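Chemist: Chains as they are written, first to last, in the working numbering: chain A, 1 to 250; chain B, 1001 to 1250. No residue lacks a Cβ here, since even glycine has one placed at the ideal position from N, Cα and C. The structure displayed is predicted, hence computed values, not measured ones.
Protein chains: 2
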Amino acid sequence: MKTELDGDRDFSQQIARTIRDAILAGHLPADGRLPSESDLAAQFGVSRPTVREALKRLAAQNLIRTQRGATGGAFVNRLGFDEAQEHLVTTATLLLSMNRVDFETACESRFALERACLPLACARREPQHLATMRAEIARQGTAGLSDEDFCASDVAFHRALVDAGRNPVLSWHLAGAVEAMQPLMNMITFTARSRSRIVDLHNALADAVAAQDAGAAGAAMDALAGYTLELGGQIRARRAQPAPDGATAG
Amino acid sequence: MKTELDGDRDFSQQIARTIRDAILAGHLPADGRLPSESDLAAQFGVSRPTVREALKRLAAQNLIRTQRGATGGAFVNRLGFDEAQEHLVTTATLLLSMNRVDFETACESRFALERACLPLACARREPQHLATMRAEIARQGTAGLSDEDFCASDVAFHRALVDAGRNPVLSWHLAGAVEAMQPLMNMITFTARSRSRIVDLHNALADAVAAQDAGAAGAAMDALAGYTLELGGQIRARRAQPAPDGATAG
DNA sequence: GACCTTCAATTGTCAGACAATTGAATTCCT
DNA sequence: AGGAATTCAATTGTCTGACAATTGAAGGTC
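1. For the segment 1114 to 1131 of chain B, which residues have a CB atom closer than 7 Å to at least one CB atom of chain A, in sequence order?
2. Could you pull out every residue in the same chain whose Cβ sits closer than 6 Å to the Cβ of Asp265 of chain A, ignoring the five residues on either side in sequence?
3. Quick one: complete alpha helix (DSSP H) runs, 4+ long, within the segment 1087 to 1130 of chain B?
4. May I ask you to report which of helix, strand or coil DSSP gives Gly1250 of chain B?
5. Just verifying my parser: in three-state terms, what is the DSSP assignment at Ala225 of chain A?
6. Just reading off the alpha helix (DSSP H) that Ala1030 of chain B is part of, what are its end residues?
7. Could you tell me whether the Cβ of Gln61 of chain A comes closer than 8 Å to any Cβ of chain B?
8. In this structure, does DSSP put Val46 of chain A in helix, strand or coil?
9. So what does DSSP say about Arg1065 of chain B, is it helix, strand or coil?
10. Report the option in A:Gly69, A:Thr93, A:His87 whose CA atom is closest to the CA atom of Leu184 of chain A.
11. Just to make sure I have the definition right: I need the residues of chain B whose C-beta is within less than 7 Å of the C-beta of Pro183 of chain A. Which are they?
12. Given Gln1182 of chain B, which residues of its chain have a CB within under 7 Å of its CB, disregarding the five upstream and five downstream residues?
13. Can you tell me the Cβ-Cβ gap for Val1199 of chain B and Arg1110 of chain B, rounded? I've got them flagged as a contact below 8 Å.
14. Kindly indicate if chain A contains any beta-carbon less than 8 Å away from that of Val1169 of chain B.
15. Determine, using beta carbons only, whether Thr248 of chain A comes closer than 8 Å to chain B.
16. Along the chain, where does the alpha helix (DSSP H) containing Ala1152 of chain B start, and where does it finish?
17. Look at the alpha carbon of Gly144 of chain A and the alpha carbon of His202 of chain A, and state the distance between them as a whole number of angstroms.
18. From Gln234 of chain A to Ala25 of chain A, what distance separates their C-alpha atoms?
19. Touching or not, the segment 124 to 140 of chain A and the segment 1129 to 1140 of chain B, by the rule of three or more beta carbon pairs under 8 Å?
20. Which residue or residues does DSSP assign as beta-bridge partners of Gly268 of chain A?
21. Could you tell me the alpha carbon to alpha carbon distance between Pro1119 of chain B and Ala84 of chain A, rounded to whole angstroms?
22. Could you give the C-beta distance for Ala1016 of chain B and Ala60 of chain A, rounded to a whole number, given that I count them as a contact under 8 Å?
23. Let's test the definition: count the other Cβ atoms within 10 Å of the Cβ of Ala247 of chain A and tell me whether it reaches 16, buried, or not, exposed.
24. What residues from chain B crowd round Phe81 of chain A, counting only those whose CB sits closer than 8 Å?
25. Looking at the secondary structure, which residues open and close the alpha helix (DSSP H) in which Ala204 of chain A lies?
26. On the three-state DSSP scale, how would you describe Ala1135 of chain B?
27. Can you tell me whether Arg1020 of chain B is buried or exposed? The criterion is at least 16 other CB atoms within 10 Å of its CB, across all chains shown.
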């Protein structure tokens, strides 16, 4: 099974693409073992380091895992939701940081996406989801909670909310979006902290989901989005005109 | 700047992670050049092939690009929306194919997500978006259109719809989701072809967006989702009880 | 000054070797 | 015969050194 390559350039990339396509096409079943590096080198007519570079490319995409030893080798990975979510978060984080996405745009997309799961969450939420949401709200109300912990709890709350929709694909998308936005959210929460207001809005959301009232849930989500945007606007204004320190009326 | 590694294993992975974190943290600006492979090898105290494996990992994630020649080297990539969407599609495709996600779940998430952009699309759509949608609908109505072209047009229509929301982050998420679902959608369209019904639903969507009526747009989207699910159910039923060939009643 | 040549830096590739790991086969003891 | 310890072989991880290909830049020529 000598496989030909396009004569001139970047063998490792071509090999990686070839194997990747084979995996995506299902020719290589999950948990199946690839030939050894030496065999692959012989098949493609290249040296082992070149094959290794190709395999590292695939490993970077979580398409394969490697194991040493007699029965070791490269095995096709079964991509789970957790790993896929890591990918999503990494990509989204890079995207946001490298494209000068402004806060309003990021915020808007995040809440628009999360809003998408509200009907499902209201219809399918189970006691465990409600319990998690309530627990996180309670946690957010405790005094002396650090900003980091508050943000983590915030993420956990929204995670429970999207999980209540009981659609893993949707949860993957939404949780990834929420997690990728957290750095931006931190910037807000750390500066203009008004936790009680956020706790109130979270409670309204939880109430609506508990009552299976999608309309009310949507309204609560809109209110949360509006408040977050408002905070973002305050931050920007404060930066543009930095500190009339005494802060009189005006 | 000798950088230490955790003594025992998989240097290339550690090096890749180190550089990746530096990029994500912004220590390496976009389009900035990394040290040469030899320099990196010296800095990390490993050989050049090991450094190369690390760089290939980063290249596989589109974090860097490499260029040969005197002024060549590895450069930090500015991750654009297009490349990021490729990532998203690849990950989503793998996720769907490797986790036995059933059609209903995938379909539900896809339409829930797309529904999220309808208010924005109705509020902000511009003539160009409407024109694209109309053009694709017209294309979908032409006789003799191949199934592949019909599907491509379908994707283009939905792409225009989400772009009408004029939020690039949202477009990235939604277009990625739509494109990842296309293989599944093909399965449907190729079998139970009912293009006129789909064209009607697309027209209803376009009308609602043109009229900036978010409620009607949501209803049209729900109808489209319902019809798609219905088709999926038919396919499944037909598979479970394969071909009472003459197709008489009951 | 414009064009050509040479050059040096850098990535891409190769060959062979050795170390580390690990499951399986083998041997040895009971 | 059965189980435990040992040996073994296959495989990945890494190193060394080298050469080829590419490409912008420096220098030389007209």
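Modeler: According to the structure data:
1. Arg1115, Ala1116, Cys1117, Leu1120
2. Lying outside 1 to 250, the shown extent of chain A, residue 265 of chain A is not represented and no answer is given.
3. 1103 to 1115, 1118 to 1124
4. In the second sequence, counting from the first residue as 1, residue 1250 of chain B sits at position 250. At Gly1250 of chain B the pLDDT is 40, less than 50, meaning the model places this residue with poor confidence; the figure from the coordinates comes in the next sentence. If DSSP states are grouped into helix, strand and coil, Gly1250 of chain B belongs with coil.
5. As a position in the first sequence, residue 225 of chain A is number 225, starting the count at 1. Helix at Ala225 of chain A.
6. On the second sequence, residue 1030 of chain B is found 30 positions in, with the first residue counted as 1. Unbroken run through Ala1030 of chain B: none, as it is neither H nor E.
7. For this step, residue 61 of chain A is matched to residue 61 along the first sequence. Cβ-Cβ to chain B under 8 Å: yes for Gln61 of chain A.
8. Stepping through the first sequence from its first residue, residue 46 of chain A is reached at position 46. Three-state DSSP puts Val46 of chain A in coil, outside helix and strand.
9. Looking up residue 1065 of chain B in the second sequence gives position 65. The answer is strand: DSSP assigns Arg1065 of chain B an E or B state.
10. In the first sequence, counting from the first residue as 1, residue 184 of chain A sits at position 184. Selected option, being the one with the closest Cα: A:Thr93.
11. In the first sequence, the residue the question calls residue 183 of chain A occupies position 183. Ordered by position in chain B, no residue passes the 7 Å Cβ test against Pro183 of chain A, which lies about 10 Å from the chain.
12. Mapped onto the second sequence, residue 1182 of chain B falls at position 182. Hits under 7 Å: Cys1151, Val1155.
13. For the purposes of this step, residue 1199 of chain B is taken as residue 199 along the second sequence, with counting starting at 1. For the purposes of this step, residue 1110 of chain B is taken as residue 110 along the second sequence, with counting starting at 1. Not really, about 19 Å apart at Cβ, beyond 8 Å.
14. Indexing the second sequence from 1 puts residue 1169 of chain B at position 169. True, the Cβ-Cβ gap to chain A drops below 8 Å.
15. The residue labelled residue 248 of chain A in the question sits at position 248 within the first sequence. A caution first: Thr248 of chain A carries a pLDDT of 47, below 50, which makes its placement in the model unreliable, though a value can still be read off. Taking Cβ atoms only, chain B never reaches closer than 8 Å to Thr248 of chain A, which makes this a no.
16. Position 152 of the second sequence, counted from the first residue, corresponds to residue 1152 of chain B. That run of the alpha helix (DSSP H) goes 1147 to 1163.
17. The residue given as residue 144 of chain A occupies position 144 in the first sequence. The residue given as residue 202 of chain A occupies position 202 in the first sequence. Looking at the two C-alpha atoms, the distance is approximately 19 Å.
18. By one-based count along the first sequence, residue 234 of chain A stands at place 234. By one-based count along the first sequence, residue 25 of chain A stands at place 25. Going by the C-alpha atoms only, they are around 51 Å apart.
19. no
20. Lying before the first or after the last residue shown, residue 268 of chain A is absent from chain A, which here runs from 1 to 250.
21. In the second sequence, residue 1119 of chain B corresponds to position 119, counting from 1. In the first sequence, residue 84 of chain A corresponds to position 84, counting from 1. Distance between the alpha carbons of Pro1119 of chain B and Ala84 of chain A is about 29 Å.
22. To locate residue 1016 of chain B, count along the second sequence from 1; it is residue 16. To locate residue 60 of chain A, count along the first sequence from 1; it is residue 60. Indeed they touch by this definition, with Cβ atoms about 7 Å apart.
23. Position 247 of the first sequence, counted from the first residue, corresponds to residue 247 of chain A. Only weak support exists for where Ala247 of chain A lies, its pLDDT of 46 falling under 50; the value from the coordinates is given anyway. Ala247 of chain A comes out exposed.
24. In the first sequence, residue 81 of chain A corresponds to position 81, counting from 1. The contacting residues are Leu1095, Asn1099.
25. As a first step, residue 204 of chain A is located in the first sequence; it is residue number 204 there, counting from the start. Looking at the DSSP string, the run of the alpha helix (DSSP H) that includes Ala204 of chain A is 195 to 210.
26. Within the second sequence, residue 1135 of chain B is the residue found at index 135, counting from 1. Ala1135 of chain B: helix per DSSP, three-state reduction.
27. Within the second sequence, the letter at position 20 stands for residue 1020 of chain B. Flag for Arg1020 of chain B reads buried.
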